[in-house]
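Q: Shown below is the structure under consideration.
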Amino acid sequence: MKFKLIAVLLLLPSCVGEAVANSVTFYTTQSGFEGAASTVLIDDFSWAGAGFGGHGVGSITKNGITYTDVSGGQPDLDLVIEPPGLTNVGANVGVTTDFLFTTDYDEHIRATFSRMYRAVGFTAYFNGLGPGALTVFGENGSTIGVLDFADGMNPATHLADRGYLGFTTQQPVITGFQWDTTGGGSLNTGFSNLSAFPPNGAGPVSVPGPVVGAGLPGLIVASGLLLSWMRRRRECASRASRTRSVLYSSAS
């Protein structure tokens, strides 16, 4: 019986998990994100040296990630990696201390992973000049979560500053994200210090989080499955007993 009960309980996450399949948890502080997932640095863009990209550069692939300018080319495809020391940024940033992935116009940058992850985070630069959004993509490029920051401010501080954004999922995996902001032609926004879990993109490895099927609903399902199995066992035992009785009567 112990073996059967364990089997029932192990099946519960796959049965109940469909209800929360498209779920993403967003984090607006680095400490909160790192408390939920142990990620490793994938790219800090320091390979760009004195700077990389510019007008006409619509796509960059590095370290297993393809970055694409999805602005539609208006007025130009223009992916840029700026070295530290940039001052044309949000009012509360001052001078950048990171290699900043950005453009010369409104930022509409899509990152597509060649590996699948469960958690992704990065340093984010905000300018406070209008609506922005972080969109997360799952299997087959489907949207599985969106974080809006309508005023273009850091959601954690409500300032046009250097902040942090992270996101995790239990089901399905993360295959990319898109960074959309307003007013980049006046004050740059962008991201840096991209980290992810698992570090080698080994597919569906779970990050810490709530256990699907736990609590009262999961217990009810488990109890129902167990009772059904016990009834079938009693029925089998009853049939076996009647068969033995018939055989005994015939032998007599």
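Residues 3 to 254 (our numbering) make up the sequence shown, in order. Idealized CB from N, CA, C, for every residue including glycine. Please read all numbers here as calculations on a predicted model, not as lab measurements.
Enumerate, from N- to C-terminal direction, the unbroken beta strand (DSSP E) stretches of 3 or more residues contained entirely within the region 39-124.
A: 42-45, 61-64, 67-71, 81-84, 102-105, 110-119, all fully within the region 39-124.
Q: Quick test of the definition: if touching needs 3 or more C-beta pairs under 8 Å, does the region 101-108 touch the region 167-176?
A: No contact exists between the region 101-108 and the region 167-176.
Q: In its own chain, which residues sit with a C-beta less than 7 Å from the C-beta of G52, not counting the 5 before and 5 after it?
A: The amino acid occupying residue 52 in the given sequence is Ala; Gly does not appear at that position. So the qualifying residues of the chain are P85.
Q: Report the rounded CA-to-CA distance for L167 versus T137, giving the unit in angstroms.
A: Looking at the two C-alpha atoms, the distance is approximately 12 Å.
Q: Helix, strand or coil: how does DSSP classify N195 here?
A: N195: strand per DSSP, three-state reduction.
Q: Would DSSP call V209 helix, strand or coil?
A: At V209 the pLDDT is 43, less than 50, meaning the model places this residue with poor confidence and gives no usable figure here.
Q: I believe F128 touches D163 by the beta-carbon criterion, under 8 Å. Please report the beta-carbon distance rounded to the nearest angstrom.
A: With 8 Å as the limit, F128 and D163 qualify as a contact, their Cβ atoms being about 6 Å apart.
Q: Per DSSP, which residues does L189 bridge with? Please list them.
A: Partner(s): none; L189 has no beta bridge.
Q: Once you ignore the five residues that flank V209 on each side, which residues in its own chain have a CB closer than 7 Å to its CB?
A: Note that V209 scores 43 on pLDDT, short of 50, meaning its location in the model is unreliable; the coordinates nonetheless yield the value given after this. Once the five neighbours on either side are set aside, the close Cβ partners of V209 are A38, A39, R120, A121, T170, F199.
Q: Report the rounded CA-to-CA distance for G178 versus P157, giving the unit in angstroms.
A: Approximately 21 Å between the Cα atoms of the pair.
Q: Taking the alpha-carbon of T30 as reference, which of M118, W181, P201, A126 has the nearest alpha-carbon?
A: Answer by Cα proximity: A126.
Q: Does the Cβ-Cβ distance between N195 and F103 come in under 7 Å?
A: Result no, Cβ atoms of N195 and F103 do not sit closer than 7 Å.
Q: For the beta strand (DSSP E) containing L149, name the first residue and the last one.
A: Its beta strand (DSSP E) spans residues 145-151.
Q: Does DSSP put F35 in a helix, a strand or coil?
A: Note: F35 maps to helix in three-state DSSP.
Q: Am I right that G132 and G192 are in contact with their C-beta atoms under 8 Å? What's the rounded C-beta distance?
A: Actually they do not touch by this definition, with Cβ atoms about 15 Å apart.
Q: Leaving out five residues before and five after G140 in sequence, what residues of the same chain have Cβ atoms less than 8 Å from its Cβ?
A: Correct list, in chain order: N24, I146, T171, P174, V175, I176, T177.
Q: Which word fits S188, buried or exposed, when buried means at least 16 other C-beta atoms lie within 10 angstroms of its C-beta?
A: Counting Cβ neighbours within 10 Å, S188 comes out exposed, since fewer than 16 surround it.
Q: To which residues of the same chain is S48 closer than 7 Å at the C-beta, ignoring the five residues directly before and after it?
A: F101, listed in sequence order.
Q: What separation, rounded to the nearest whole angstrom, lies between the Cα atoms of G60 and G34?
A: Cα-Cα distance, rounded: 33 Å.
Q: Taking the C-alpha atoms as reference points, what is the distance between L81 and G56?
A: Spanning the two alpha carbons is a distance of roughly 6 Å.
Q: How many whole angstroms separate the CB atoms of G130 and G92, which I take to be in contact at a CB cut-off of 8 Å?
A: G130 to G92, Cβ: 6 Å. Contact.
Q: Grouping DSSP H, G and I as helix and E and B as strand, with all else coil, what is P133?
A: Three-state result, P133: coil.
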